[in-house]
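Chains X and B, in that order, are what the protein sequence lines are.
Sequential numbering of the first sequence, starting at 6, is according to the working numbering.
Sequential numbering of the second sequence, starting at 19, is according to the working numbering.
Reviewing the structure listed below.
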Amino acid sequence: MIEESRQKFDIRNNLRTELFPHFMCPGCGHGIALRALLWAVHELEISKDQLAIVSGIGCSGRTGAYIDATTIHTTHGRPLAYATGLKLARPDLEVIVITGDGDCLAIGGNHLIHACRRNLNLTCLMLNNETYGMTGGQVSPTTRNERFTTTTPLGNYEPVFDACALASGAGASMVGREITMHVTALKDLIKEGISHQGFTFLEILSDCTEIYGRKNELGESAEMVLSQKAEYRSDSYGNQVEEPFQPRNIGTGVLTKNDRTEYMEACRLHNQSKQSGTANS
Amino acid sequence: MPQLNNETKHLEAIVKSAPLEEIPTNVLVVGVGGQGVIMISKVLAALCQEQGFDVKQSEVHGMAKRGGSVFSHVRFGRQVFSPTIPKGDADILVALEWAEGLRWLPYLKPEKGIFIGDTQRIVPPFACRDRRRFAASGYVQESVDQVIRLVPNSSAMDAVAMARELGVPKAANTILLGALSTTLNFEEAAWKSVIARFVPPKTVDANLQAFDSGRAWIRNFDRQADSAMEAGTALDSGAWPMEQDQTWVEINTAWCKSCDICVKLCPERCLALDDQQLVQLIKPEACTGCRVCERLCPDFAINIHTPAFPELRP
């Protein structure tokens, strides 16, 4: 049994290889995130029948279609709503949501905060590439200031959403963040998120090299992947900019984790108390 | 060398017959940082001074704290002018670390010099630059046996193991000092009084015991059948067969999109894009199987296969 679980991870066993090569641009970080997810699933020994992937619209939404498991490609911004319904109907399934920054924070922002509030046992991976890549590189809620997109030709001036702070504030019981450069750390974070009982929100900092990176002259794929670490420290820490060498758990890794009652558990306890209440009266 | 068969006392004979007063006696002590090279040389220098000799001692210990090379020249005689020993002029070479000892062998007097070496091996990081799995280190590959046979008047002891048996692992240098003392014409009591002054008060007894065991060991040393030598040779065998551990890089060019991530991030620079801008392995022998390319390939075009070593599999 141990030998089985230690079997070498070959990603092709978990992919719909007939669809390959995939549609993503050269150097897109979503592929690395997809590998990390499938690697985590492999190490957790979740069978294909037990795995349900729900994805929205956008580059991130399309990644779900390449996984050889139960996958649902849903409407823009609503994968969390579909996933909530799926999880309530089939609690035995391991439901993982793949969504993007525009999908999750702009169009599906309301669904995100209510999924966090309910704390249903879901895992939400938000692949943050800071732009709407599939529709042509428009500005998204996570586009950094002074970055150029097709809709901000003079640079972006809107404030940037901190997705992790939002999810944490809305009540998600586990919130984490990781960059695609750290594949192994990302895999471990996803493993922890899937194992966690309650809503898990993971922000994965990905790269859009062709549309966003080229417009902003961020270098080629390899440079973008390498610069994640440095850039990430100085910009995404928000108020930590003054002290860029804070311990890593402030910026990446698990940011919030608590054991707030999971939605199904809360529902069961509530029903129990009601039934006992009616029996007594 | 068969003519050296019954030379239990050969070490003593040489120096005692030399005219100590006319020509300076040269003792070179070498090792790496933290082993006690300086302590040995200071004890020797202080003793010689007490005995009325002119002594000059010079040392280099710059990289000592990083495990770097440390050596100390001790010269004594009626009058000593230069503090350093010329190459090929050392009467006695005491090595606390095996590779350091071999490195300084050219300083030993040809045929006449005495070599006392500890078989302890401290492999420096730079000897491990070949990052392929189970690659042989750049450390000296000659066995203790081979060296002992090549160098006349040589002896090799596992002083660290002896010190550990005595319960004081740090006293390995005092054991070598004991071995050194048999080659020089000084009273045992004089040695001991100087050692007692130089070691921490709590460890005086342990160090004197180590000194005695070093003296006893060198007197009973037999060049042909010695346990330390056997232990030394055993260390050299058992290297992993590299040819069984070649990693195999499977590249699926149909999926490759020429993003260049693998080429630029490979630590060994063994990948490149060909004229069709597809990735290819240009230096298969340099690949260490680190899997950076496999894990960072967004298109899943690279798969690394390493042969299974069941007991070492992660």
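Each residue gets a CB set at the ideal place from its N, CA and C atoms; glycine is no exception.
Predicted model only: the values in this text are computed from it and were never measured.
{"Check": "Spatial neighbours of V186 (chain B) in its chain, beta-carbon cut-off 7 angstroms, leaving aside the 5 residues before and after", "Outcome": "T221, A224 and A228"}
{"Check": "Residues that DSSP places opposite I110 (chain B) in a beta bridge", "Outcome": "B:V45 and B:I132"}
{"Check": "Host beta strand (DSSP E) of T76 (chain X) (start-end)", "Outcome": "T75 to H78"}
{"Check": "Assigned exposure category for H91 (chain B) - 16 Cβ within 10 Å defines buried", "Outcome": "buried"}
{"Check": "Distance, L289 (chain B) Cα to V73 (chain B) Cα", "Outcome": "60 angstroms"}
{"Check": "Chain X contact for D107 (chain B) (CB, 8 angstroms cutoff)", "Outcome": "no"}
{"Check": "Contacts of W266 (chain B) in chain X (Cβ-Cβ under 8 angstroms)", "Outcome": "The contacting residues do not exist; W266 (chain B) stays about 12 angstroms from chain X at best."}
{"Check": "Residues bridged to M133 (chain X) (per DSSP)", "Outcome": "Correcting the residue type first, residue 133 (chain X) is Asn in the shown sequence and not Met. According to DSSP, N133 (chain X) bridges with X:L210."}
{"Check": "Residues, ordered as in the chain, of the segment 269 to 293 of chain B that lie near chain X by beta-carbon distance below 7 angstroms", "Outcome": "A272, W273, K275, S276, C277, D278, I279, K282 and L283"}
{"Check": "Proximity below 8 angstroms, CB of T128 (chain X) to CB of T79 (chain X)", "Outcome": "no"}
{"Check": "Outcome for W266 (chain B) when other beta-carbon atoms lying within 10 angstroms are tallied against a minimum of 16", "Outcome": "exposed"}
{"Check": "Status (buried if at least 16 other CB within 10 Å, exposed otherwise) for C146 (chain B)", "Outcome": "exposed"}
{"Check": "8 angstroms Cβ cutoff, P219 (chain B) in contact with chain X", "Outcome": "no"}
{"Check": "Run of the alpha helix (DSSP H) containing S211 (chain B), from where it starts to where it stops", "Outcome": "E206 to F216"}
{"Check": "Residues within the segment 305 to 318 of chain B neighbouring chain X, beta-carbon criterion of under 8 angstroms", "Outcome": "R313, L314, C315, P316, D317 and F318"}
{"Check": "Residue from X:I37, X:K13, X:D15 and X:R17 whose Cα sits closest to the Cα of I195 (chain X)", "Outcome": "X:I37"}
{"Check": "Whole-angstrom distance between E40 (chain B) and K100 (chain B), CA atom to CA atom", "Outcome": "The question names Lys, yet the displayed sequence has Ser at residue 100 (chain B). The alpha-carbon atoms of S100 (chain B) and E40 (chain B) are separated by roughly 15 angstroms."}
{"Check": "Boundaries (first-last residue) of the beta strand (DSSP E) holding W333 (chain B)", "Outcome": "Outside the displayed range of chain B (19 to 332) lies residue 333 (chain B), so it cannot be described from this structure."}
{"Check": "Helix, strand or coil at N263 (chain X) [DSSP, three-state]", "Outcome": "coil"}
{"Check": "Helix, strand or coil at S90 (chain B) [DSSP, three-state]", "Outcome": "strand"}
{"Check": "Segment contact flag, the segment 173 to 190 of chain X with the segment 95 to 104 of chain X, C-beta cutoff 8 angstroms, min 3 pairs", "Outcome": "no"}
{"Check": "Coarse secondary structure for N321 (chain B), derived from DSSP in three states", "Outcome": "strand"}
{"Check": "CB contact below 8 angstroms: N10 (chain B) versus chain X", "Outcome": "Outside the modelled stretch of chain B, which goes from 19 to 332, sits residue 10 (chain B), for which no answer is possible."}
{"Check": "Chain-ordered neighbours of G36 (chain X) on chain B, where CB pairs are closer than 8 angstroms", "Outcome": "C315, P316, D317 and F318"}
{"Check": "Proximity test, Cβ basis, 8 angstroms: V246 (chain X) and chain B", "Outcome": "Confidence in V246 (chain X) is poor, its pLDDT being 37 and thus under 50, which makes the residue's placement unreliable; the coordinate value appears in the next sentence. Chain B contact via Cβ: absent."}
{"Check": "The beta strand (DSSP E) enclosing M179 (chain X), as first and last residue numbers", "Outcome": "M179 to I184"}
{"Check": "Same chain, Cβ closer than 8 angstroms to L91 (chain X), five either side skipped, listed in chain order", "Outcome": "A57, V59, I77, L98 and V100"}
{"Check": "R273 (chain X) (DSSP reduced to helix, strand or coil)", "Outcome": "helix"}
{"Check": "Extent of the continuous alpha helix (DSSP H) to which D148 (chain B) belongs", "Outcome": "Note, D148 (chain B): premise wrong, no alpha helix (DSSP H); not H, not E."}
{"Check": "Short CB-CB distance (under 8 angstroms) between D254 (chain B) and chain X", "Outcome": "Note that D254 (chain B) scores a pLDDT of 40, beneath 50, so its modelled location is shaky and nothing firm can be said."}
{"Check": "Whole-angstrom C-beta distance between A172 (chain X) and C121 (chain X), which should lie under 8 angstroms", "Outcome": "5 angstroms"}
{"Check": "Contacts that M29 (chain X) makes with chain B (C-beta to C-beta distance below 9 angstroms)", "Outcome": "K275, P316 and D317"}
{"Check": "Contact between the segment 103 to 112 of chain B and the segment 125 to 136 of chain B (3+ Cβ pairs under 8 angstroms)", "Outcome": "yes"}
{"Check": "Terminal residues of the alpha helix (DSSP H) in which D223 (chain B) lies", "Outcome": "V222 to R237"}
{"Check": "Helix, strand or coil at T205 (chain X) according to DSSP, with G and I counted as helix", "Outcome": "strand"}
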